[in-house]
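Everything on this sheet refers to the single structure shown next.
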Amino acid sequence: MIPVVRIWTPDEMRVRIAKFSELKGSLGGFPDSYPPGCEREIMNVIGFQPQESDQRYVSPMGADASKKAAIPISEDFNLGLARCKPGCGPLMHNHDTNETFTPITGRWRCGWNEGEAYECVEVGPYDVVSFPPGLARNFVDLTNDEPDQQYLLLFIVAGNAPKAEFTPGASNYRQSQRRFVHRPITIFRNVST
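Counting in my numbering, the sequence shown runs from 1 upward without gaps.
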């Protein structure tokens with residue numbers, strides 16, 4: 001049922017406005033926050049409340065950023081921004097809901113599956129990649145223009161309390177602390193955009 005329309009005051013709406021310049025990012029909070037190539041800043045824009053104390057899963061926003069929602073609502077979707085340097089991004093992970101990526105700046109590789117089944121697509125500003133629940137996925141900043149510049153990727157995750165878990169390959173990497181390496185790019189079956 002659609003709610004009845006009502007008048008909202010500026011004060012009521014103020015808590016639903018997030019200015020980019022005022023967002024508070026987090027550099028940690030994930031099991032893969034610190035290994036080389038995984039470094040990224042996460043900004044919690046809408047939703048992503050902290051997870052319950054279930055240690056098997058993490059918030060898609062991470063433990064730190066999930067406490068810093070600019071717009072702390074629970075209305076069946078969550079929105080965040082990832083900012084990282086070229087060559088960086090999270091390890092392979094899975095969600096219990098849909099996750100959709102849209103680059104704002106830079107070029108990004110969005111990958112899915114692991115091992116021999118690994119696939120990826122290279123996307124740029126305003127392209128959209130939507131991953132269903134139960135599909136291993138990750139993203140990597142591919143931008144080569146300025147190696148010290150950070151680039152932005154917007155992500156939307158469905159649900160009020162979505163959960164994420166790292167895949168077995170990512171878990172093995174975290175345990176061994178060796179560099180996680182995908183097959184060479186020439187072997188990828190690349191989905192063109």
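C-beta: ideal position from N, C-alpha, C; glycine also.
None of the values given here were measured: they were computed from a predicted structure.
- Look at Ser21 here: in three-state DSSP terms it is helix.
- Arg14 counts as exposed, since fewer than 16 other beta carbons sit within 10 angstroms of its beta carbon.
- Less than 8 Å separates the beta-carbon of Pro125 from that of Thr105.
- Taking 8 Å as the cut-off, the Cβ atoms of Asp64 and Ser26 count as close.
- As a beta-bridge residue in DSSP terms, Met43 pairs with Gly25 and Leu81.
- Pro103 and Glu75 have their alpha carbons spaced roughly 23 Å apart.
- Leaving aside the five residues that flank Thr97 on each side, the residues in its chain whose CB is nearer than 7 Å to its CB run, in chain order, Pro133, Val157, Ala158, Gly159 and Pro162.
- Between the alpha carbons of Arg107 and Asn94 lies a distance of about 22 Å.
- Under the DSSP assignment, Asp11 falls outside any beta strand (DSSP E), being part of the alpha helix (DSSP H) whose first and last residues are Pro10 to Arg14.
- Between the alpha carbons of Glu39 and Pro3 lies a distance of about 42 Å.
- A distance below 8 Å separates the beta carbons of Glu114 and Gly169.
- Under the three-state reduction of DSSP, Gly111 is assigned to strand.
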